[in-house]
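**Student:** Residue numbers (the UniProt record's numbering): 1 to 358.
The beta-carbon is built from N, C-alpha and C at its ideal position, and this holds for glycine as well.
1. Using C-beta distances below 7 Å, list every residue in its chain close to residue 189, excluding the 5 sequence neighbours before and after it, in chain order.
2. Excluding the five sequence neighbours on either side, which residues of its own chain have a C-beta within less than 6 Å of the C-beta of residue 264, listed in chain order?
3. For residue 53, count neighbouring Cβ atoms within 10 angstroms of its own Cβ and tell me buried if that reaches 16, exposed if not.
4. Keeping to the same chain, check which residues put their C-beta closer than 6 Å to that of residue 325; ignore five residues upstream and five downstream.
5. In chain order, what residues of the same chain lie with their CB nearer than 6 Å to the CB of residue 210, ignoring the 5 residues before and after it?
6. For residue 94, count the other beta carbons within 10 Å of its own beta carbon; 16 or more makes it buried, fewer makes it exposed. Which is it?
7. Can you tell me the Cα-Cα spacing of residue 219 and residue 49, whole angstroms?
8. With a threshold of 7 Å (Cβ to nearest heavy atom), would residue 178 be considered close to the ligand GTP?
9. Identify every residue that forms a DSSP beta bridge with residue 319.
10. Over the uninterrupted alpha helix (DSSP H) stretch that includes residue 234, give me the two end residues.
11. Going by beta-carbon coordinates alone, are residue 347 and residue 308 separated by less than 8 Å?
12. Figure out for me which residue from 217, 221, 164 has the closest Cα to the Cα of residue 196.
13. If you run the structure through DSSP and keep just helix, strand and coil, what is residue 47?
14. Looking at the strands, I want to know which residues DSSP matches up with residue 149.
15. Taking only the alpha-carbon atoms, compute the straight-line gap between residue 358 and residue 248 and give it to the nearest angstrom.
16. In the structure shown, what three-state DSSP assignment does residue 302 receive?
17. In the DSSP assignment, find the unbroken alpha helix (DSSP H) run with residue 339 in it and report its ends.
18. Compute the beta-carbon to beta-carbon distance between residue 222 and residue 254, rounded to the nearest angstrom, for a pair I have assumed lies under 8 Å.
19. Excluding the five sequence neighbours on either side, which residues of its own chain have a C-beta within less than 6 Å of the C-beta of residue 302, listed in chain order?
20. Quick one, which of 39, 46, 337 has its alpha-carbon nearest residue 21's?
21. Between which two residues does the alpha helix (DSSP H) carrying residue 16 extend?
22. Checking the sheet assignment: what are the DSSP bridge partners for residue 211?
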């Protein structure tokens with residue numbers, strides 16, 4: 001039986017799953033522990049199915065499950081008694097998290113785990129009615145990345161020694177998660193529901209983009225690096241609610257914000273290893289022959305998404321014959337500046353060119 005693709009309805013109607021929930025045995029408990037060890041992101045579907053079987057109506061299921069409750073119970077009542085021994089489930093992909101869930105309480109120590117709770121989160125400026133929200137906590141203590149999928153379809157790659165707390169279902173007005181450690185986010189675009197990451201005093205606000213957050217408790221700084229899209233970051237203070245971007249910084253691809261926790265200040269820099277942003281078919285070969293310097297810098301801007309600031313009047317007579325296809329951004333800048341007898345600095349997420357002309 002390939003349980004990986006089961007919905008909550010499918011689990012609730014499955015004989016082997018029902019027997020495990022109502023009368024767990026050593027074999028069935030071991031089977032479902034192994035399943036969730038390999039597929040921790042299926043916890044949400046199993047928990048919804050478990051609630052339906054146990055009749056815990058006070059814990060409302062997700063809307064799409066709630067609509068199917070009559071059908072679910074009809075299938076449960078009509079199903080045959082007993083169970084057939086299931087075939088080994090398909091290990092669709094590897095995961096390093098470890099999860100165990102028993103009939104009423106989930107408890108298992110291991111490399112990584114998920115915890116479903118009603119506990120409140122630490123107070124912050126944008127938290128509203130968190131006590132009534134059901135939260136899942138993912139903890140990764142393994143050496144490999146833990147892959148998580150949130151209720152809106154967003155993907156989180158949780159790094160070693162990190163934890164993420166997120167609601168089972170996001171609210172109608174916003175999507176909010178809390179991070180300790182490091183994680184890469186690929187957020188589904190939804191202009192009506194901004195995605196907020198709270199991490200050690202810094203708030204990262206996006207509508208739909210990909211970015212990395214590093215917020216380990218032991219580190220003095222929190223960093224946010226943008227891969228794609230537009231990201232707003234600001235300190236988690238009450239006076240930033242009305243216009244967060246006015247109080248923080250806005251990041252674009254290949255830019256990074258550094259939040260100094262002690263000083264509560266934010267600086268914007270270029271990421272350590274800028275990547276090309278264009279599709280492979282559109283990437284220029286960076287081969288120039290007697291090309292104006294302004295054209296070369298424009299190609300860099302387009303390819304890496306980082307603004308290059310220079311004095312066009314000073315460089316108007318400068319040309320370049322050069323092949324920069326294999327170099328990274330900083331190597332390209334070094335070569336260009338050497339040819340032009342110029343220099344560059346990285347200031348506020350921009351490349352500033354200093355030159356005396358040609």
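**Tutor:** Taking the coordinates as given:
1. One-based indexing of the chain shown puts residue 189 at position 189. The residues are 207, 208.
2. Position 264 of the chain shown, counted from the start, is the residue given in the question as residue 264. The answer, listed in chain order, is 235.
3. For the purposes of this step, residue 53 is taken as residue 53 along the chain shown, with counting starting at 1. Buried, since its Cβ has 16 or more Cβ neighbours within 10 Å.
4. If you number the chain shown from 1, residue 325 lands on position 325. Answer for residue 325: 285, 286, listed in chain order.
5. Working through the chain shown from its first residue, we reach residue 210 at position 210. Same-chain partners within the cutoff: 186, 227, 228.
6. The residue you call residue 94 lines up with position 94 of the chain shown. Legend: pLDDT at residue 94 = 32, less than 50; position of this residue unreliable, no value from coordinates given.
7. Here residue 219 corresponds to residue number 219 of the chain shown, with the count starting at 1. Here residue 49 corresponds to residue number 49 of the chain shown, with the count starting at 1. Each residue's alpha carbon lies about 40 Å from the other.
8. This structure does not include the ligand GTP; it has no bound ligands of any sort.
9. Along the chain shown, one-based indexing puts residue 319 at 319. For residue 319, which the question treats as bridged, DSSP gives the partners 292.
10. Here residue 234 refers to the residue found at position 234 when the chain shown is read from its first residue. Not the alpha helix (DSSP H): residue 234 falls in the beta strand (DSSP E), residues 231-235.
11. To locate residue 347, count along the chain shown from 1; it is residue 347. To locate residue 308, count along the chain shown from 1; it is residue 308. Not in contact: residue 347 and residue 308 (Cβ atoms no closer than 8 Å).
12. Here residue 196 is taken as the residue at index 196 of the chain shown, counted from 1. Among 217, 221, 164, the Cα nearest to that of residue 196 belongs to 164.
13. Your numbering for residue 47 matches position 47 in the chain shown. Residue 47 falls in the helix class under three-state DSSP.
14. Here the question's residue 149 lines up with position 149 in the chain shown. BP columns for residue 149 point to 155.
15. By 1-based counting over the chain shown, the position of residue 358 is 358. By 1-based counting over the chain shown, the position of residue 248 is 248. Roughly 39 Å between the two C-alpha positions.
16. Within the chain shown, numbered from 1, the residue matching residue 302 stands at position 302. Helix, per DSSP.
17. As a first step, residue 339 is located in the chain shown; it is residue number 339 there, counting from the start. Per DSSP, residue 339 belongs to the alpha helix (DSSP H) from 329-340.
18. Reading the chain shown from its first residue, position 222 is the one you call residue 222. Reading the chain shown from its first residue, position 254 is the one you call residue 254. Residue 222 to residue 254, Cβ: 19 Å. No contact.
19. Stepping through the chain shown from its first residue, residue 302 is reached at position 302. Around residue 302: no qualifying Cβ.
20. For this step, residue 21 is matched to residue 21 along the chain shown. When each option's Cα is compared against that of residue 21, the closest is 46.
21. The residue given as residue 16 occupies position 16 in the chain shown. Here the alpha helix (DSSP H) through residue 16 covers 15-22.
22. Translated into positions along the chain shown, residue 211 becomes position 211. Beta-bridge annotation (DSSP): residue 211 is paired with 185, 226.
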